[in-house]
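Notes to accompany the following structure.
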Amino acid sequence: MDRWQDRVAVVTGASSGIGAAVAKHLVKAGVVVVGMARRMDRMEAIKEQLPSELQSRLHLLHCDVADLDSLTAAFDWVEETLGGIDILVNNAGCLNPGQLLTLELEQLQQVLNVNLMGVVICTRRAFRSMQQRDFAGHVVLINSLTGRNIINPPGAELQSLNMYPLTKHGITALLEILRQEFRGFNTKIKVTSITPGVTDTEILPPGFDVLPMLSPDDIADGIIYALATPPHVQVHELTIKPLGEPF
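One point on numbering: in my numbering, the residue at position 74 of the sequence shown is 1381, and numbering is uninterrupted.
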């Protein structure tokens, strides 16, 4: 991680789960981190968990990645205050459990806006910052096993993932589109998709808590591994499963 010392990382969805773990791991690795989320109080609590001498390296910004004005203001602040974005961890995501055929359309649209369009817009802003400074940055996409296969719910639970797998299939396609475009624009920017198995986070749907689970720290470790690779090495996809997972 030597090349990332004092560089700037933006982590979306940093108020809990994987995002919170990634923010803390990056700070401890010497990176300056901007945590973005809607729940400022949760991020403040996470910041207080850091050693006092590291707390100044974690900046907190209110940001709703589904709201273009909110997202634009947050990324403008990063560029104006810290000089640019060197690492982007697209972690913000949501899942409204229920059925595709019966949920309110607004709930389905929210998942699409947060999980897919939010990632696209954040990545465009990070790319612009990296390209303007000719910096070989790194974009991380938090994917899901449902980005490849539709998982049957455990037991007799009714399928409740609805739009979530649709958006994660989109992230799987986005990974290759970004790789090709970063190459086509003659940049050295890397892109990595991290695909966790069942992980102990707030958006875990009902019934899945009976399965073997990863912790958010396990996913953060995988991201640190991908970031720490030499400049000529790109970890394209990294799948992390808990031992004994049935999928």
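Positions of the beta carbon are idealized from the N, C-alpha and C atoms, including for glycine.
Through-space distance from residue j to residue i, alpha-carbon basis
{"i": "G1529", "j": "I1394", "result": "15 Å"}
{"i": "A1336", "j": "N1493", "result": "29 Å"}
{"i": "Q1356", "j": "V1372", "result": "25 Å"}
{"i": "G1405", "j": "Q1416", "result": "13 Å"}
{"i": "D1410", "j": "N1420", "result": "The displayed chain sequence assigns Leu, not Asp, to residue 1410. L1410 and N1420: Cα-Cα distance of roughly 16 Å."}
{"i": "E1413", "j": "A1321", "result": "24 Å"}
{"i": "C1370", "j": "F1554", "result": "34 Å"}
{"i": "N1353", "j": "F1489", "result": "A small fix is needed here, since residue 1353 is Ile in this sequence, not Asn. Between I1353 and F1489, the C-alpha separation is close to 33 Å."}
{"i": "R1364", "j": "I1547", "result": "28 Å"}
{"i": "R1486", "j": "G1400", "result": "22 Å"}
{"i": "R1349", "j": "H1366", "result": "13 Å"}
Proximity of residue i and residue j at Cβ, strictly below 7 Å
{"i": "M1470", "j": "V1418", "result": "yes"}
{"i": "M1437", "j": "I1496", "result": "yes"}
{"i": "R1440", "j": "G1391", "result": "yes"}
{"i": "T1502", "j": "N1459", "result": "no"}
{"i": "T1508", "j": "N1398", "result": "no"}
{"i": "V1340", "j": "A1330", "result": "yes"}
{"i": "P1461", "j": "G1514", "result": "yes"}
{"i": "V1447", "j": "V1396", "result": "yes"}
{"i": "T1499", "j": "N1422", "result": "no"}
{"i": "L1534", "j": "H1476", "result": "no"}
{"i": "L1402", "j": "I1510", "result": "yes"}
{"i": "H1332", "j": "A1480", "result": "no"}
Exposure label - residue i; buried when at least 16 CB within 10 Å
{"i": "R1346", "result": "exposed"}
{"i": "L1468", "result": "buried"}
{"i": "H1543", "result": "exposed"}
{"i": "I1484", "result": "exposed"}
{"i": "T1299", "result": "Here the chain has residues from 1308 to 1554 only, and residue 1299 is not among them."}
{"i": "L1521", "result": "buried"}
{"i": "L1408", "result": "exposed"}
Distance between beta carbons of residue j and residue i, contact taken as under 8 Å
{"i": "V1334", "j": "R1314", "result": "No, V1334 and R1314 are not in contact; Cβ-Cβ is about 12 Å, not under 8 Å."}
{"i": "I1428", "j": "L1389", "result": "Not really, about 19 Å apart at Cβ, beyond 8 Å."}
{"i": "P1523", "j": "G1324", "result": "5 Å"}
{"i": "T1550", "j": "P1519", "result": "In the sequence under discussion, the amino acid at residue 1550 is Leu, which differs from the Thr named in the question. About 6 Å; that satisfies the 8 Å criterion."}
{"i": "E1552", "j": "V1505", "result": "6 Å"}
{"i": "L1361", "j": "A1381", "result": "Incorrect: roughly 22 Å between the Cβ atoms, too far for contact."}
{"i": "P1538", "j": "A1433", "result": "So it is not a contact: roughly 18 Å between Cβ atoms."}
Residue i, DSSP secondary structure in three states
{"i": "G1444", "result": "coil"}
{"i": "E1544", "result": "strand"}
{"i": "L1534", "result": "helix"}
{"i": "A1399", "result": "coil"}
{"i": "L1419", "result": "helix"}
{"i": "H1539", "result": "coil"}
{"i": "T1508", "result": "coil"}
{"i": "V1334", "result": "helix"}
{"i": "M1343", "result": "strand"}
{"i": "P1461", "result": "coil"}
{"i": "K1354", "result": "helix"}
{"i": "T1499", "result": "strand"}
Within-7 Å CB hit, residue i to chain B
{"i": "R1346", "result": "Given the protein chain composition of this structure (a single chain), no chain B is represented."}
Any non-hydrogen atom of the ligand FAD closer than 6 Å to residue i Cβ
{"i": "D1371", "result": "Within the structure as shown, the ligand FAD is missing, as the structure has no ligands at all."}
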